[in-house]
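Input: a single structure, listed below in structure tokens.
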Amino acid sequence: MLKSRFSGLLFQIIALALSFGVVSLILISIDASPTEAFRNMFKGSFGEMRKFAEVLVAFVPLLLVTAGLLVTFSAGLWNIGVEGQVVLGAIATTWVYRYFLESDLPPALIITLAILGGMIGGAIWAAFTGILKVFGGVNEIFGGLGLNFVATALTIYLIFGPWKRPGVASMSGTVPFPDEFSLPLLANLRISPWALGIALIAIIIVFFLLQGTYFGLKLKAVGKNFRAAYLLGIPTWQYAMYSFLICGALAGLAGAMQVAAVYHRLIPSISSGYGYLGLMVAMLINYQAIWAIPVALFFAALNIGSIQLPIVMKLDSSLSGVLQGVLVLFALLVEGARQKFIKKGQNT
Amino acid sequence: MTQETILIGLAGILAASAPIVFAVLGETLSERAGVINLSMNGTILLSAMGGFAVAYTTNNIVLGFLAGMLIGALVALIVAFASITLNQSQVAVGFVLALTCRDLSYFLGNPYMGVPGPRLQAMPIPFLSDIPILGTLFFRQDAITYISFMAIILTWVWVYRTRPGLMLQGIGEKPAAAYIRGANVNLMRYVYTIIGGALIGLAGPAFSLASRAGWMGTISGLDGFGWIALSITIFGGWNPARAAFGAYLFGFLQWLGLVLQPVLTQVPSQVLQVAPFPLMILTLLLVNIGNAEWVDRTLAAMPESTRKFFAKLLRAMRASPPAALGVPFERD
Chain G
488 MLKSRFSGLL FQIIALALSF GVVSLILISI DASPTEAFRN MFKGSFGEMR
538 KFAEVLVAFV PLLLVTAGLL VTFSAGLWNI GVEGQVVLGA IATTWVYRYF
588 LESDLPPALI ITLAILGGMI GGAIWAAFTG ILKVFGGVNE IFGGLGLNFV
638 ATALTIYLIF GPWKRPGVAS MSGTVPFPDE FSLPLLANLR ISPWALGIAL
688 IAIIIVFFLL QGTYFGLKLK AVGKNFRAAY LLGIPTWQYA MYSFLICGAL
738 AGLAGAMQVA AVYHRLIPSI SSGYGYLGLM VAMLINYQAI WAIPVALFFA
788 ALNIGSIQLP IVMKLDSSLS GVLQGVLVLF ALLVEGARQK FIKKGQNT
Chain B
6 MTQETILIGL AGILAASAPI VFAVLGETLS ERAGVINLSM NGTILLSAMG
56 GFAVAYTTNN IVLGFLAGML IGALVALIVA FASITLNQSQ VAVGFVLALT
106 CRDLSYFLGN PYMGVPGPRL QAMPIPFLSD IPILGTLFFR QDAITYISFM
156 AIILTWVWVY RTRPGLMLQG IGEKPAAAYI RGANVNLMRY VYTIIGGALI
206 GLAGPAFSLA SRAGWMGTIS GLDGFGWIAL SITIFGGWNP ARAAFGAYLF
256 GFLQWLGLVL QPVLTQVPSQ VLQVAPFPLM ILTLLLVNIG NAEWVDRTLA
306 AMPESTRKFF AKLLRAMRAS PPAALGVPFE RD
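Line order of the protein sequences matches chains G and B.
All letters in the first sequence, in the order written, are residues 488 to 835 by the working numbering.
All letters in the second sequence, in the order written, are residues 6 to 337 by the working numbering.
As structure tokens, then:
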């Protein structure tokens, strides 16, 4: 046991070194300095308080999405539709805000309702994928992907159609909501401690749900062996639907945070790809909830740090995506190599 | 509309669909052998960028297409190595590659954004192009479109009419039986995944050097085609001819969206662009619903005549994947 844990750590370090090595080679191949690029990314994310606050702004939706995905992954489901579930959360939140725009209700109540609306919106969108999977036999990957594109189209339709700004509609989104509709932010920073708290509570709940409850145990049984779980009397399709609903609600919560605490309106790219990035985080942590916080924070830092690159070094900011992808890829490859290595050791 | 404009429109659909045809043929071969290459969306973008960059730098359009195939083959090699040799999830590796290759294409393609580059010209075939109707439709295309026609025929003949093709079907359906008959299952899976990857890699330059010439980074409008091609592969029921038909059908729908745009001014253009996606879900539903258990039960409860009709309809639409798709093969 100790030996396998040690070898696990050793292999993870190898994966990390290989990833940075490959990305350095890519940078050298286009005559850019890797050390300068990495230093700029670090400075751009942890260099000053204002920038670190931006990292936390990205960390909140990423952590929420990852928390949700841990639930669907436990049930053995590839909820690629999580991206669209974030979008629908944002749309539903915007809808609730618009509904209460002229009302006399206390703002705190409206914010709460809007966030709950976002969770319901995300859950409904996830339910579509679930129903297609359970009753239509459509693989959740394809159903989810299709619904992602539909969600994006719906956003654009709303922004340019029924919810367009008075006068001319534009890609900058709907009319911003009044200040009292925003979750309270820290002074002079864009981060809301409320949003951060909600995200942290969500991952803790998911951790205990999966580790310490009978529900989590059954969910994992469904994920490990669908047929065996069914024969043992677990209503497998219900558990598949539950996991979609929970993940959708958490993704919707991420979308709600984007509207209520970050953009204060609906914009075309409201999800910013956090759904897909959450899938990467979940894979990199090998579906272990305990590692979600540090890795999501690291990925958020890469995203924010790379914003500096076009300005300082004339490099495209997609470098962060390349680095994140290469990290996950090597984590998978090295894990495969480790298992093969252990197997070989046992055979001889 | 005169007959000539309709014919030119249809010929345009055949040309514009060539990239998707290559992609679905490649994916069909790969999946036939039992390996899902989910990286397709990223592979197409990276090979589109790489093919364009190579053709632009060397001023040789053929080298550009070859570069695209090489990129596709290399990405497929990673998928094959991770899944066959290292026993990792094909879906996980493919998905990571889909995102990574996409970002890599944007990162490395930055210097080539918007530069005017080479573009494949139409190459009417003497005599054949003069045939009424068929000439305009098939024989006034560019070289890559001709190759796409040939690729459909070759792939179909290979899968259904040759001995190695028969073996390929066995590898995807019953790998253990194919192994007993002397097939090196894992080697064959490598080979077909890489060949399939090279075909997918041809899709990129078929965009960036022909039907949508140039590289525009994130606004190239190529992001998403790979995912559509994946679902067309399923729609095609792993039959190269039916998959190619799906690609043309998709091309037709896109063209229809373009033609209808001036008529439907109320609908923003971005909405019409995604119209294929709900259709994709619908077709997947139609193709798969026959596999759902509750459908069987409902059918059993129907009166004899209607039951027969619906059962026939479902069977015609239904497509079942190769039995060993995504399942690793280990001889013991």
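From the three backbone atoms N, C-alpha and C, an ideal C-beta is built for every residue, glycine too.
As the structure is a computational prediction, the values presented were derived from the model and not from experiment.
Locate the alpha helix (DSSP H) running through residue 245 of chain B, then write down its first and last residues. For residue 245 of chain B, the enclosing alpha helix (DSSP H) covers residues 245-265.
What span of residues does the alpha helix (DSSP H) with residue 528 of chain G cover, start to end? Start and end: 521-533.
Please classify residue 127 of chain B: does DSSP put it in a helix, a strand, or coil? Residue 127 of chain B: strand per DSSP, three-state reduction.
Local Cβ density within 10 Å of residue 41 of chain B, reported as buried at 16 or more and exposed below that: Answer is buried; the Cβ neighbour count reaches 16.
Which bits of chain G does residue 282 of chain B rub up against, with CB to CB less than 9 Å? Against chain G, a Cβ distance below 9 Å from residue 282 of chain B picks out 632, 633, 634, 635, 636, 637, 640.
Buried or exposed by the 16-neighbour rule on C-beta atoms within 10 Å, applied to residue 310 of chain B: Of the residues assessed, residue 310 of chain B falls on the exposed side of the cut-off, its CB having fewer than 16 other CB atoms within 10 angstroms.
Quick one: which chain G residues come within Cβ less than 7 Å of residue 243 of chain B? In chain order: nothing, as chain G lies at least about 14 Å away.
Contacts that residue 93 of chain B makes with chain G (C-beta to C-beta distance below 8 Å): Neighbours of residue 93 of chain B across chain G, judged by C-beta separation under 8 Å: 819, 820, 822, 823.
Between the region 735-743 of chain G and the region 541-558 of chain G, do three or more beta carbon pairs fall short of 8 Å? In this structure the region 735-743 of chain G touches the region 541-558 of chain G; the number of beta carbon pairs closer than 8 Å is three or more.
Mapping DSSP to helix, strand and coil, what is residue 147 of chain B? Assigned with DSSP and collapsed to three states, residue 147 of chain B falls in strand.
Runs of alpha helix (DSSP H) wholly within the region 782-820 of chain G (minimum 4 residues, chain order): Correct list: 795-800.
Examine chain B for any beta-carbon lying closer than 7 Å to the beta-carbon of residue 750 of chain G, and answer yes or no. It does not; no Cβ of chain B falls within 7 Å.
With a CB to CB cut of under 6 Å and the five nearest residues on each side skipped, what residues in its chain are close to residue 208 of chain B? 24, 27, 28, 49.
Segment contact flag, the region 790-802 of chain G with the region 84-98 of chain B, C-beta cutoff 8 Å, min 3 pairs: Look at the beta carbons and you see the region 790-802 of chain G not touching the region 84-98 of chain B: under three pairs across the two are nearer than 8 Å.
Using a Cβ cut-off of 8 Å, pull out every chain B residue sitting near residue 767 of chain G, in sequence order please. Result: 101, 104.
DSSP state of residue 118 of chain B, grouped into three classes? Residue state, collapsed to three classes: coil.
Rounded to whole angstroms, what is the Cα-Cα separation between residue 828 of chain G and residue 498 of chain G? Distance between the alpha carbons of residue 828 of chain G and residue 498 of chain G is about 11 Å.
Closest to residue 190 of chain B by CA distance: which of B/46, B/330, B/9 is it? For residue 190 of chain B, the nearest C-alpha among the options comes from B/330.
Along the chain, where does the alpha helix (DSSP H) that runs through residue 639 of chain G open and close? Run containing residue 639 of chain G: 627-647, per the alpha helix (DSSP H) assignment.
Go ahead and label residue 572 of chain G buried or exposed: buried means 16 or more other beta carbons lie within 10 angstroms of its beta carbon, across all protein chains shown. Of the residues assessed, residue 572 of chain G falls on the buried side of the cut-off, its CB having 16 or more other CB atoms within 10 angstroms.
Residue 514 of chain G versus residue 504 of chain G - alpha carbon distance: In this structure, the CA atom of residue 514 of chain G is about 15 Å from the CA atom of residue 504 of chain G.
Does residue 108 of chain B come within less than 7 Å of chain G when only Cβ atoms are used? Yes, contact with chain G.
In three-state terms, what does DSSP make of residue 294 of chain B? Helix at residue 294 of chain B.
Three or more beta-carbon pairs under 8 Å between the region 574-585 of chain G and the region 769-780 of chain G, yes or no? Result no; under three Cβ-Cβ pairs closer than 8 Å.
Kindly indicate which three-state DSSP category residue 230 of chain B falls into: helix, strand or coil? Helix at residue 230 of chain B.
Determine the DSSP secondary structure at residue 333 of chain B, reduced to helix, strand or coil. The three-state secondary structure of residue 333 of chain B, taken from DSSP, is coil.
Alpha-carbon spacing of residue 16 of chain B relative to residue 211 of chain B, whole angstroms: Answer to the nearest angstrom: the Cα atoms are 16 Å apart.
By the DSSP assignment, the alpha helix (DSSP H) with residue 599 of chain G in it spans what residues? Unbroken alpha helix (DSSP H) run through residue 599 of chain G: 594-623.
Best match in G/704, G/670, G/803, G/796 for proximity to residue 596 of chain G [C-alpha to C-alpha]: Answer by Cα proximity: G/670.
Backbone CA spacing between residue 93 of chain B and residue 653 of chain G [nearest angstrom]: Cα to Cα, residue 93 of chain B sits roughly 53 Å from residue 653 of chain G.
Is residue 340 of chain B buried or exposed, if buried means 16 or more other CB atoms sit within 10 Å of its CB? Any property of residue 340 of chain B remains undetermined from this structure, which presents chain B solely from 6 to 337.
Interface flag, residue 518 of chain G vs chain B, CB-CB below 7 Å: Residue-level contact check: residue 518 of chain G does not touch chain B, since none of the beta carbons of chain B fall below 7 Å from its beta carbon.
Just the Cα atoms here: how many angstroms apart are residue 806 of chain G and residue 522 of chain G? Distance between the alpha carbons of residue 806 of chain G and residue 522 of chain G: 14 Å.
Residue-chain proximity (residue 561 of chain G, chain B), Cβ-Cβ < 7 Å: Interface flag for residue 561 of chain G against chain B is unset, since no Cβ pair is found closer than 7 Å.
Interface flag, residue 322 of chain B vs chain G, CB-CB below 7 Å: Interface residue (Cβ-Cβ distance to chain G less than 7 Å): residue 322 of chain B is not classified as such.
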